[in-house]
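Colleague: In the numbering used here, the protein residues as written are 947 to 1131.
Every residue gets a Cβ at the ideal spot worked out from N, C-alpha and C, and that includes glycine.
1. Considering only their Cβ atoms, is the gap separating residue 1097 from residue 1081 smaller than 9 Å?
2. Based on the DSSP output, what are the partners of residue 1078 in its beta bridges?
3. Given a threshold of 16 other Cβ atoms within 10 Å of its Cβ, counted over all protein chains shown, does residue 1155 qualify as buried or as exposed?
4. Under 9 Å between the Cβ atoms of residue 1020 and residue 968?
5. Buried or exposed: where does residue 1094 fall if 16 or more other Cβ atoms within 10 Å of its Cβ makes it buried?
6. May I ask you to list the residues that DSSP assigns as paired with residue 1045?
7. Please report the distance separating the alpha-carbon of residue 1056 from that of residue 996.
8. Where does the unbroken alpha helix (DSSP H) through residue 1091 begin, and where does it stop?
9. What three-state label does DSSP hand residue 1012 in the structure shown?
10. Pick helix, strand or coil for residue 1128, following the three-state DSSP scheme.
11. If you follow the alpha helix (DSSP H) that residue 983 is in, where does it begin and where does it stop?
12. Buried or exposed: residue 999, going by 16 or more other Cβ atoms within 10 Å of its Cβ?
13. When the Cβ atoms of the segment 1102–1109 are set against those of the segment 1031–1046, are three or more pairs found closer than 8 Å?
14. Tell me whether residue 1097 sits in a helix, a strand or coil according to DSSP, three-state version.
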């Protein structure tokens, strides 16, 4: 008996890999879309940093797997199909495979590496660069787009790379949650 051969011949391996890839990408992209702007704001504005840093200090050390019981209590086995109201068709099949609890576990795993690296990158920008652009008459938007983001980009990309690796690790545990009938986990 060759289980791998059976998976390949039935065509289910490719569809399971695609479902897992979509789960990782949705959770990861949501994490990046929240973490980068929040990290830039926390890194640049001390008042925002002071406001959210305690929450970051409390929730960042919690492993993504420790969120599983709470996530199951919050979302159960609800899927994006349930959330969007789609009831039949091919779109329903794909959205039903995207369980909210799975995506949230992946999201939480990817969020903190991206957020902390973005904060570090923005805070490590040389203050002389920011002060010189202010003296030359730059507004906040120009400071962000021409100084902060380009100078912090290496740290941001490093956090994104780390976050993607953590998202893949979280995928395995997320796909073991109740309600999962597909994926490679």
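Modeller: Let's see:
1. Against the chain shown, residue 1081 aligns to sequence position 135. Against the chain shown, residue 1097 aligns to sequence position 151. No; because the gap between Cβ atoms is not below 9 Å, this pair is not in contact.
2. The sequence position of residue 1078 within the chain shown is 132, counting from 1. In the DSSP output, where bridge partners are listed per residue, residue 1078 has none listed.
3. No statement about residue 1155 is possible, as the shown extent of the chain runs from 947 to 1131 and does not include it.
4. On the chain shown, position 74 is the one that residue 1020 refers to. On the chain shown, position 22 is the one that residue 968 refers to. The answer is no: Cβ separation not under 9 Å.
5. Counting from one through the chain shown, the residue named residue 1094 turns up at place 148. Buried.
6. If you number the chain shown from 1, residue 1045 lands on position 99. Paired residue(s): 1025.
7. Within the chain shown, residue 1056 is the residue found at index 110, counting from 1. Within the chain shown, residue 996 is the residue found at index 50, counting from 1. Between residue 1056 and residue 996, the C-alpha separation is close to 22 Å.
8. The residue given as residue 1091 occupies position 145 in the chain shown. Where residue 1091 is concerned, there is no enclosing alpha helix (DSSP H), given that its DSSP letter is neither H nor E.
9. Walking along the chain shown from the start, residue 1012 turns up at place 66. Three-state DSSP puts residue 1012 in a helix.
10. Translated into positions along the chain shown, residue 1128 becomes position 182. In the structure shown, residue 1128 sits in coil (DSSP, three-state: anything other than H, G, I, E or B).
11. Sequence index remark: in the chain shown, residue 983 carries index 37 (1-based). 958–990 is the extent of the alpha helix (DSSP H) around residue 983.
12. Along the chain shown, one-based indexing puts residue 999 at 53. Residue burial is scored here from C-beta neighbours: residue 999 has fewer than 16 other C-beta atoms within 10 angstroms and is therefore classed as exposed.
13. Contact fails: fewer than three Cβ-Cβ distances are below 8 Å.
14. Counting from 1 along the chain shown, the entry for residue 1097 is found at position 151. DSSP places residue 1097 within a helical segment (H, G or I) once states are collapsed to three.
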